[in-house]
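The structure appears below as structure tokens.
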Amino acid sequence: MPKFDTGLVELGDGIYAYLQWDGGWGVSNAGFVDSDDDGLLVIDALMAPSMTQEFVRAMRTVSSRPFSKLINTHSHADHTNGNQFIEGAEIIAHQNCRNEMLDAEILARDAAVKSPPRGDKPAWIRDDWWEELAVVQPSLPAVTYGKSMSIQQGEYQLTLEYRGEAHTTGDSLVLFADQNLFFSGDLCFFYATPLCRGNLENWIDICDYLLESQIETVVPGHGPIGGSMEIADMREYFEVIHTRTRQMFDAGVSLKQAMEQIDVGEFAKWPESERNAMNVAHLYGLWDRN
1 MPKFDTGLVE LGDGIYAYLQ WDGGWGVSNA GFVDSDDDGL LVIDALMAPS MTQEFVRAMR
61 TVSSRPFSKL INTHSHADHT NGNQFIEGAE IIAHQNCRNE MLDAEILARD AAVKSPPRGD
121 KPAWIRDDWW EELAVVQPSL PAVTYGKSMS IQQGEYQLTL EYRGEAHTTG DSLVLFADQN
181 LFFSGDLCFF YATPLCRGNL ENWIDICDYL LESQIETVVP GHGPIGGSME IADMREYFEV
241 IHTRTRQMFD AGVSLKQAME QIDVGEFAKW PESERNAMNV AHLYGLWDRN
């Protein structure tokens, strides 16, 4: 993975990405727009309270304007746990994102992490986050949309687009057409193994859409800022794991064997390679139900 620093990157007049090295489990990216008329529009919160608070401090080095809107690109904790710390913002997301955040199974899982009595710490949660997560309170989107939603944030025009189930059931792309810029949420993992909890075939179609759009700059959910080259690499990974997993499934290879044997070639060097087995399990589960 190309080296990058945690902190703000100005993408255009008043538009910023906030990147977190190294983009691993729970270490995601965010962003914001500083509008003269409408305050700050924030794109995603972060995993641990201290991470979102550091993000807020970084925003305050640029602007003292109040928070007006917070877009959650999807429901996962590393993009929504910090919602409560973007104080005063109206939270916006796809309707499926809100539904996932309300899902009883998800709420039960999160409660086990956040509330006493607490169980064993999940392996992917860092030790220094563990105590922090107990103070997180669910902060749900108040405004939802279906297919697309246009937002005029002062002088900035942006569009939220839903292209169907992919990483989750409720992923939003945040498009700044005038700036030739996307914030992708976890529809893009750059130089890191993606995790699929939705529809991988449709995710490939979304990669094609992004490539056809010829957008120059993409802020991924994890990893450094990139563009068409990184999207093409991610798409190739999806093709490889989908094709090879399907071959094993059709040949009657057991799930356990498939998870152990999956070979993604050059993509095995990407961080979080344990997700390869997780993606195999997800695909087997989908195909077993059909």
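Reading the sequence shown from the start, the letters are residues 1 to 290 in the numbering used here.
Heads up, the beta-carbon is just placed ideally off N, CA and C, and yes, glycines get one too.
- In the three-state scheme derived from DSSP, where H, G and I count as helix and E and B as strand, residue 162 is classed as coil.
- DSSP, read as helix, strand or coil, puts residue 256 in helix.
- DSSP, read as helix, strand or coil, puts residue 61 in coil.
- In the three-state reduction of the DSSP assignment, residue 45 falls in the coil class.
- Looking at the DSSP output, residue 69 sits in a beta bridge with 41 and 90.
- Exclusion of the five residues before and after residue 44 leaves 30, 73 and 79 as the residues of its chain whose Cβ lies within less than 6 Å of its Cβ.
- Residue 67 is positioned such that its CB atom lies no closer than 7 Å to that of residue 92.
- Residue 189: member of the beta strand (DSSP E) spanning 181 to 189, first to last residue.
- One alpha carbon belongs to residue 187, the other to residue 32, and they sit about 18 Å apart.
- In the structure shown, the three-state DSSP call for residue 241 is helix.
- The continuous alpha helix (DSSP H) containing residue 80 extends over residues 77 to 80.
- Counting only residues of its own chain and dropping the five nearest sequence neighbours on each side, residue 49 has a CB closer than 7 Å to the CB of 82, 85, 132, 135 and 136.
- For the pair residue 260 and residue 192, the CB atoms are not nearer than the 7 Å cut-off.
- Closest in alpha carbon position to residue 265, among 244, 98 and 184, is 244.
- Apart from sequence neighbours up to five positions away, the residues of its chain that approach residue 248 with a beta-carbon distance below 6 Å are 258, ordered along the chain.
- The continuous beta strand (DSSP E) containing residue 222 extends over residues 217 to 222.
- Contact between the region 12 to 24 and the region 172 to 191 is present, with at least three C-beta pairs closer than 8 Å.
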